[in-house]
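Engineer: So that we are looking at the same thing, I have put the structure below in structure tokens.
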Amino acid sequence: MVAAPPVFRFAPSPNGLLHLGHAASALMNADLAAASGGRLLLRLEDIDPVRCTPELEAMLLEDVAWLGVPFETPVRRQSEHFDDYRAALDVLVAEGLAYPAFMTRGEIRRHAAAFEAREGRPWPLDPDGAPLYPALDRSRGGRERKLKIASGAPFAWRLDMTAALRRLGRPLAFLETGGGEAIEIAAEPALWGDVVLARRETPTSYHLSVVVDDALQGITHVVRGRDLLASTSVHRVLQALLALPVPVYRHHDLVLGPDGRKLSKSRGDVALRTLREAGLSPADIRRMVGLTAPEPATPSASGPTGASIER
């Protein structure tokens, strides 16, 4: 029986202009797919209806085509698949692993500050530096929750991380190939606390939609920036709870700006199309992000396929 080819994906958000960091990720995915005889899919993570616009999507697709990154069609737009994410959320809610959370970001910060002033010790932060969600809403009774929802109080759905880890009853891990050899990394989802699964205005979150999409699209290899390495712990929990397959991961080094920080669309870092309009070629971009010419396809380059990894 012939093994199925590996499946890679490039998954940008059309909420700004692509920069060199996006180019590095797109080109690396394309190179690895070509070298392994695999497939490359393009996914548009456009769950934010305000920041993601048709104009930015059109420019994104134009930039990817100019880079020479070949991807299969049709393109998956997350905004067209909210029902898929809602179905996954419904499973977690029905199993008592998600709860309505009513505190705003400002209220979370004020709660954390009050705790620190009262207790004289810091409130715990997640790996991104945000305060963990307090346990107030998690401990509410079902009747109280229903009354608050009936009153029109806005809320988000959050994962009850304590209940989720208790339900799994085992440590989780994932394969990371970013350093050359595949190594097993222990997942540390508790560091993230009760992450958001969906908001009132958007029936999903990055964490939920990305694991559902990877499963539905048959993604075997996730190649993305090192800034998302810590998030993989959250993804492993959701994959385990929803009985989803686990890809192999590779978190590559980031392309940094002159000041040493990672590039960002929101900060207005030099856009790919600006470099293009200045006369640079795709080959120039490849050199700027430290990539050599792509290797010819070899059957042995595909690496390990996606598999459930537990420890």
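In our numbering, the protein residues as written are 4 to 314.
All C-beta atoms in this analysis are idealised placements derived from N, C-alpha and C, irrespective of residue type, glycine included.
1. In whole angstroms, what is the alpha-carbon distance linking V96 and A166?
2. Do L257 and L200 have their C-beta atoms within less than 8 Å of each other?
3. Who are the near neighbours of L171 in its chain, counting only those whose CB is closer than 8 Å to its CB and skipping five residues on each side?
4. Going straight from the alpha carbon of P127 to that of W69, what length do you get?
5. Does any residue of chain C bring its CB to less than 8 Å from the CB of G24?
6. Would you identify the three-state DSSP class for T165, choosing helix, strand or coil?
7. May I ask you to report which of helix, strand or coil DSSP gives V213?
8. Spatial neighbours of D129 within its chain, please: C-beta separation below 7 Å, excluding the five flanking residues on both sides.
9. To the nearest angstrom, how far is the alpha carbon of L63 from that of V226?
10. Just reading off the alpha helix (DSSP H) that I222 is part of, what are its end residues?
11. What's the call for E204, buried or exposed, on a 16-neighbour Cβ count within 10 Å?
12. Evaluate G19 with the Cβ neighbour count: other Cβ atoms within 10 Å of its Cβ, from every protein chain shown; 16 or more gives buried, anything less gives exposed.
13. Give the DSSP-derived three-state secondary structure of P174 in the structure shown.
14. Using three-state DSSP, classify E187 as helix, strand or coil.
15. Within 10 angstroms of its Cβ, does T207 collect 16 or more other Cβ (buried), or is it exposed?
16. So for R80, helix, strand or coil by DSSP?
Structural biologist: Well, looking at it:
1. 12 Å
2. no
3. V240, A243 and L244
4. 44 Å
5. The structure shown has no chain C; it contains just one protein chain.
6. helix
7. helix
8. L135, L194, W195 and G196
9. 19 Å
10. Segment: none, I222 is in no alpha helix (DSSP H) and carries neither H nor E.
11. exposed
12. buried
13. coil
14. strand
15. buried
16. strand
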